[in-house]
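Protein chains in written order, with our numbering: chain A, 1 to 421; chain B, 422 to 842. Glycine included, C-beta positions come from ideal geometry on N, C-alpha and C. None of these values were measured; they are calculated from a predicted model. Reading through the structure tokens given below for one structure.
Given below as structure tokens:
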């Protein structure tokens, strides 16, 4: 049994949880990711909007498991799975043999078949995405400062966010605060309060995953901040000049994409049945039909809750799935049958709209306003990986809360040059 | 007099100091920089070696002057000066008229006529340089972990620093600490203590700007850390396989350049007399010969001290020059003659070698060892721009001091992709 080799692909919340739960078991574990860091994705929009530094929400994967000598971290890009030979294939040609495989490869942003929109409307999944958005936001203000034509200046000062899920709402709210508070005194040729932030959502309400009254609260909070919310309109085109929806065209030089995601190609690798957005239709044990040694968890898995809805694509769900799969693997190591199916327990939903409003839905209680903001902040700090980041994020947030100033307002790496920070 | 327009090009230590000193005077000021941030360059090597986050040592220029309504910050790249029409020319074609011009455009790294070495031996002047070096350092360890051939693995684990000035010494010392302390438990297929760090210097001693006994101390401290110091050898070639010097070739996959700098093209713009590395030979008032309304300060200026040596290219010198030029401009605004020439006062020299050794030379006293390290740390924190960064840098350093762990170990943006963090 000691030779049992568990390979985990993807070091997001799900993958990291599997490894942590198995780290003391009699298995050899290899965790593979194409990035060297685990990312605290719920706060990625704060990097994009200059509130936090990149290193405040990212940790080297191998440092998370440095004390676990049975865990090997491998920086590499997985391009396929050979289910017959039980190997994972890397881009550089290497094949890694596994006894048990856990795929936790997540999602990427998707443009509903319009990948040509991506250069004009970047999405937010990686640290590079966040710094690209940060660069575009800050550059738009810089260009507005140098633009002498009022109409063109207005285009630079119009920010469109497509999609009103938590990320879209958080981006829109924070951009408005960035303009009105943080940058208020910085420019000489325009008033940052003239900035327009437009949030466009195809569905009938913002935060569709929340209860209707919380959606209504969020919409009021956005309006109070000055964000223009447009509902029931699907974007039909994004280009360098702006966005089109319905019969309208909105001139804007900065568009951010928070609308659609597609699962990673795990289903394709496995030739497994998948849903419309590519999530693998797993069994109640999160195993892949026909492959009891291959599990799929997190955003790449299509898992139904008891009530017929889907397990949401949020960090706590991925962690619960990771925990569950680790228990299944440990039971099998002990030679026990493990028949209990995965059951999702929803702890609650949280979202913020700027620094004064937030909403929390714990099922038994709903909270909005400042109290919810503090709940949101404390919960997120609690879930950060280590003490150091808890301290620095707390300091960053208190600083913003008190002074309104955000410290990571860096334009790095212009679009035309390669390289990176 | 209120129409008097002072244009400052470059927001390094010198340029920022000029603007601060003039901010309450009856002048209109425009500060132009091609970057949106002022950089605390003495700590840039700490970003390159994963100790600090980018935003801990960089501040948006326009936020520095947000309270000064007579200061306009302009993000743009200067490509020339028309001394006859008294305009500064920007890359995008705009011409900015000035009454008084201060050029504080700094230096860039230079490869002694071998620019083809740059892709293999990046230098350290910008935030992007720092994150490029950070990516290369961390990627070398990742590649070593996956390399099965011992000789090739050794190449990945050999780090060469060319040039033993303060930046070279600080890089070499910190890379060794990064390997031996921070990353010690992270890898499974090699021992990070097998890392080789080689510091190559063309001159006869390390830290040539310091007193000979301090150079000797630094060399002992480097040796104690395990850094191999090679003196009196000029590098004759850098390529993907390593460096050549004398009759030797050292196989290494990571080379960092800390050897040579060249002044920005200010002298070319002005068609002014310059020294060997391109610094403008300014008058004792720091004005350009024949152009009493154009000043050159900081690393771009060739300024002699009373004792016949050159004013060193360090932050305090640039600040003193900026302060002096602001006084000259203010005297002229008052219609006074201002004949006192610039006089440089050397406050002291500081350098660190890792986290336990440093050296400080204040002329009247020389300090080495742990005490010097604390002096170095406190001095650098004191000179950071704002309270928030003082707090976060203090926290980062104490964390490293106590735990040995560095938090910004992020590989972002692979070499082949454009974009940035």
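- In chain order, 284 and 285 place their CB closer than 7 Å to the CB of residue 341 of chain A, counting only its own chain and leaving out the 5 sequence neighbours on each side.
- For residue 326 of chain A, the CB contacts under 6 Å within the same chain, skipping 5 residues up- and downstream, are 18, 21 and 22 in chain order.
- The beta carbon of residue 588 of chain B lies closer than 7 Å to those of 466, 545 and 679 in the same chain, with the five residues before and after it left out.
- When CB distances to chain B are screened at a threshold of 8 Å, the residues of the segment 34-45 of chain A falling below it are 35, 36 and 37, in chain order.
- If you check each beta-carbon in the segment 101-132 of chain A against every beta-carbon of chain B, the ones closer than 7 Å belong to 127, 128, 131 and 132.
- Contact annotation: in the segment 477-504 of chain B, residues whose CB is within less than 9 Å of a CB in chain A are 477, 479, 480, 481, 483, 484, 486, 487, 488, 490, 492, 493, 494, 495, 496 and 497.
- Neighbourhood of residue 820 of chain B in chain A, by CB distance below 7 Å: 388, in chain order.
- Under the DSSP definition of a beta bridge, residue 675 of chain B partners with B/580.
- Sequence-distant Cβ neighbours of residue 483 of chain B in its own chain, meaning closer than 7 Å and more than five residues away, are 494.
- Here the alpha carbon of residue 232 of chain A sits roughly 19 Å from the alpha carbon of residue 226 of chain A.
- Listed in chain order, the beta strand (DSSP E) runs fully inside the segment 738-791 of chain B are 770-774, 778-782 and 787-789, counting runs of at least 3 residues.
- Of the candidates A/26, A/145, A/113 and A/382, the residue whose Cα lies closest to the Cα of residue 238 of chain A is A/113.
- DSSP assignment within the segment 674-730 of chain B yields the following whole alpha helix (DSSP H) runs of 4 residues or more, N-terminal first: 687-691.
- Rounded to the nearest whole angstrom, the CA to CA distance from residue 86 of chain A to residue 300 of chain A is 20 Å.
- In the three-state reduction of the DSSP assignment, residue 545 of chain B falls in the coil class, being assigned neither a helical nor a strand state.
- One thing to note: residue 12 of chain A has its Cβ within 8 Å of the Cβ of residue 298 of chain A.
- By the neighbour-count definition (other C-beta atoms within 10 Å, threshold 16), residue 740 of chain B is a buried residue.
- For residue 657 of chain B, the enclosing beta strand (DSSP E) has its first and last residue at 656-660.
- For residue 186 of chain A, the neighbours in chain B by C-beta distance under 9 Å run, in chain order, 481, 483, 484, 486, 487 and 494.
- Assignment of residue 166 of chain A by DSSP, reduced to helix, strand and coil, places it in the helix class.
- Using a C-beta cut-off of 8 Å, the segment 487-501 of chain B makes no contact with the segment 639-646 of chain B, since fewer than three inter-stretch Cβ pairs fall below that distance.
- Residue pairing from DSSP places residue 649 of chain B in a beta bridge opposite B/619.
- Contact between residue 351 of chain A and residue 170 of chain A holds: their C-beta atoms lie close to 7 Å from each other, under 8 Å.
- Cβ neighbours of residue 202 of chain A within its own chain (closer than 6 Å, five residues either side excluded): 234.
- For residue 82 of chain A, the beta-bridge partners assigned by DSSP are A/87.
- Excluding the 5 residues flanking it on each side, residue 738 of chain B has same chain C-beta neighbours closer than 7 Å at 732 and 765, in chain order.
- For residue 96 of chain A, the uninterrupted beta strand (DSSP E) run begins and ends at 95-97, by DSSP.
- For the 8 Å CB-CB criterion, residue 8 of chain A and residue 31 of chain A form a contact.
- Nearest to residue 213 of chain A by C-alpha distance, out of A/363, A/34, A/386 and A/55, is A/363.
- Relative to the Cα of residue 793 of chain B, the nearest Cα in the group B/804, B/775 and B/805 belongs to B/775.
- A Cβ-Cβ distance of about 6 Å is found for the pair residue 55 of chain A and residue 831 of chain B, placing them in contact under the 8 Å criterion.
- Not a single CB atom of chain B sits nearer than 8 Å to the CB of residue 170 of chain A.
- Nearest to residue 713 of chain B by C-alpha distance, out of B/734, B/753 and B/688, is B/753.
- A Cβ-Cβ separation of about 5 Å places residue 664 of chain B in contact with residue 581 of chain B under the 8 Å criterion.
- For residue 829 of chain B, a Cβ of chain A is located within less than 8 Å of the residue's own Cβ.
- Residue 149 of chain A counts as exposed, since fewer than 16 other C-beta atoms from the protein chains shown sit within 10 angstroms of its C-beta.
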